[in-house]
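Chains as they are written, first to last, in the UniProt record's numbering: chain B, 1 to 244; chain G, 1 to 432. Beta carbons are placed, not taken as given, at the ideal position from N, Cα and C, and that holds for glycine. So the structure is just underneath, and the comments pick up after that.
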């Protein structure tokens, strides 16, 4: 199910200045597992039912960015103005980027841990937080650890983060992981047998973005070879990709 | 004049651009047309950059399509239609007071009594003896709440008064914009014309000389006109680095009051008040349970309460102590792990850059005794160990030594702001 928007988006992702979220990361493609509460909270944000500020934390790969982007997509579908800011890509630029965002309904700040060494960015994030609160906007944030453990030097920012709804995302169990991979493949029209999903989980980097790239490869290769995504076939495609 | 040109463009773009992009980048734009010019106002820099890079050419083409003979020029800028552009760049739109932050919702305790009393007296006599009122204290202790409460009460008493609450950053931002738009006189007139200026977190003026200069004059003008100024800061005025001496000295002209971290009873009362505001009856034992474990600042208490309430909504379970333990397990594990006597000793030694062995030794020089007394006071406050146990952990000292240390630290904190700040910094490090 790839619409025009997704195509634009995929192209846009090559640009250094892309602050658009990726439409492929939606709620339907997220397996909640132990994180049902966080999913429910973010779905509410998307619909704008409550003016809230949420901070998500958890280890890399648990789905923080996925959920932030899913909430952005949902909010946008409800006609709300949304900005998704992956700080990892932005932190080398001027923090003035965070100015004048209070006109936006939902602001999502991903990878807050990237601000650890950037005191000016921390100040800008603190001021943004205050302005969005004053304007009654919604703010979603994510980082790998609890606010107090992010290593931020600005206590004002840390205390603001401590006062919001802080939710932890847990890792999925093996069965949920298999389900998540299969569901993502299925949404792209590919059938991924359970055995293949297990093989990928055990042998590849557990990173959703990387997995989407793999799916592109599998899609092209299976179409060309007219083969199903069996373990031997997938192994072959991975080996060829590594040789490239 | 109706924005007919822009409406025409919009109808075309609606057919060409996917909904998601339309909602994010195109619909937030506001238009101003005058025949020769279509000015599109973007709510922020992101939208501006994006529209310029991705849509400007197409919009210009559509304009040519609509008026082939004399197509209007397209101009993109940041702004809004709500008021004339210049006015909005210079004047903050309103006083931004939060109606929920009132004196009624402010929980009073020993830690904030003086600040609370000074604030309500100020409302009775604005521009009087407590001018300026300078409220200082660590993060998340209620400074902002108190300032909003002052503003709300002033407006209730004097509905026609011009009461302006703002964060120091907004003052700086407004000034920069005023300079850019050659409107510094309007800026000055506006800020010097209010009846009460409540300005939060003035430590962010540090290092911004031009803003300090402007604030200095605004401050003087307001005081001369007997208008009220209230400021908040994370530390005592004299200790803010990067702030001009003349400002520091003037900030002390009126009344300077401190807000300390809340003690146990106040923390519990804060939790119950906040829960009440959310329409939740928080059982006393739950409030006590959270208040006993989370002590760094009010925001962290608030965060914990939010977590418990959200979890209870989600699961449909009643809020009990057992339930709270489950909902806050990560937060509590973190606190329990950190707050041991050994950890306190290590943290204090590191903070004062002395050796741990010296802290535990019999040495009695001032540079060692003070940190040792602070560490003992922290151990008494943060752990449930008895005085003899604490004494024992500090190189086998008597329990009366620990008692003396606790009293001494409490007494010194009233007189010595540096020591009070050290203590509060350590308290924050150990309990977050």
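Which residues DSSP lists as bridging residue i, in chain order
i: residue 107 of chain B; result: B:83, B:139
i: residue 268 of chain G; result: DSSP lists no partner for residue 268 of chain G.
i: residue 233 of chain G; result: G:136
i: residue 256 of chain G; result: G:134
i: residue 41 of chain G; result: G:30, G:77
i: residue 53 of chain B; result: B:139
i: residue 228 of chain G; result: G:196
i: residue 163 of chain G; result: G:196
Between the CA atoms of residue j and residue i - distance to the nearest angstrom
i: residue 83 of chain G; j: residue 32 of chain G; result: At residue 83 of chain G the pLDDT is 42, less than 50, meaning the model places this residue with poor confidence and gives no usable figure here.
i: residue 171 of chain G; j: residue 114 of chain G; result: 28 Å
i: residue 227 of chain G; j: residue 95 of chain B; result: 35 Å
i: residue 405 of chain G; j: residue 296 of chain G; result: 21 Å
i: residue 211 of chain G; j: residue 115 of chain B; result: 26 Å
i: residue 28 of chain G; j: residue 187 of chain G; result: 28 Å
i: residue 280 of chain G; j: residue 68 of chain B; result: 29 Å
i: residue 221 of chain B; j: residue 189 of chain B; result: 14 Å
i: residue 354 of chain G; j: residue 140 of chain B; result: 41 Å
i: residue 224 of chain B; j: residue 217 of chain B; result: 11 Å
i: residue 351 of chain G; j: residue 113 of chain B; result: 24 Å
i: residue 251 of chain B; j: residue 47 of chain G; result: Lying before the first or after the last residue shown, residue 251 of chain B is absent from chain B, which here runs from 1 to 244.
i: residue 285 of chain G; j: residue 292 of chain G; result: 10 Å
i: residue 399 of chain G; j: residue 264 of chain G; result: 23 Å
Simplified DSSP state of residue i, which is helix, strand or coil
i: residue 26 of chain B; result: coil
i: residue 168 of chain B; result: strand
i: residue 31 of chain G; result: strand
i: residue 294 of chain G; result: coil
i: residue 199 of chain G; result: strand
i: residue 17 of chain G; result: coil
i: residue 116 of chain B; result: coil
i: residue 36 of chain B; result: helix
i: residue 230 of chain B; result: coil
i: residue 347 of chain G; result: helix
i: residue 385 of chain G; result: coil
i: residue 191 of chain G; result: helix
i: residue 204 of chain G; result: helix
i: residue 189 of chain B; result: coil
i: residue 70 of chain G; result: coil
i: residue 95 of chain B; result: helix
i: residue 396 of chain G; result: coil
i: residue 147 of chain B; result: helix
i: residue 20 of chain B; result: coil
i: residue 102 of chain G; result: coil
i: residue 211 of chain B; result: helix
Beta-carbon gap between residue i and residue j smaller than 8 Å
i: residue 201 of chain B; j: residue 178 of chain B; result: yes
i: residue 112 of chain G; j: residue 151 of chain G; result: no
i: residue 347 of chain G; j: residue 429 of chain G; result: yes
i: residue 118 of chain B; j: residue 72 of chain B; result: no
i: residue 300 of chain G; j: residue 140 of chain G; result: yes
i: residue 145 of chain G; j: residue 106 of chain G; result: yes
i: residue 434 of chain G; j: residue 254 of chain G; result: Lying outside 1 to 432, the shown extent of chain G, residue 434 of chain G is not represented and no answer is given.
i: residue 126 of chain G; j: residue 155 of chain G; result: no
i: residue 78 of chain G; j: residue 102 of chain B; result: no
i: residue 164 of chain B; j: residue 91 of chain B; result: no
i: residue 441 of chain G; j: residue 356 of chain G; result: Limits of chain G in this structure are 1 at one end and 432 at the other, which puts residue 441 of chain G out of reach.
i: residue 84 of chain B; j: residue 166 of chain B; result: no
i: residue 294 of chain G; j: residue 304 of chain G; result: yes
i: residue 42 of chain G; j: residue 97 of chain G; result: no
Short CB-CB distance (under 8 Å) between residue i and chain B
i: residue 343 of chain G; result: no
i: residue 167 of chain G; result: yes
i: residue 96 of chain G; result: yes
i: residue 33 of chain G; result: no
i: residue 151 of chain G; result: no
i: residue 24 of chain G; result: yes
i: residue 78 of chain G; result: yes
i: residue 90 of chain G; result: Note on residue 90 of chain G: pLDDT 44, under 50, position unreliable in the model; the coordinate value appears next. Taking Cβ atoms only, chain B never reaches closer than 8 Å to residue 90 of chain G, which makes this a no.
i: residue 310 of chain G; result: yes
Proximity test, Cβ basis, 8 Å: residue i and chain G
i: residue 225 of chain B; result: no
i: residue 155 of chain B; result: yes
i: residue 69 of chain B; result: no
i: residue 165 of chain B; result: yes
i: residue 162 of chain B; result: yes
i: residue 97 of chain B; result: yes
Where residue i meets chain A, residues with beta-carbon distance less than 8 Å
i: residue 203 of chain B; result: Protein chains in the displayed structure are B and G, and chain A is not among them.
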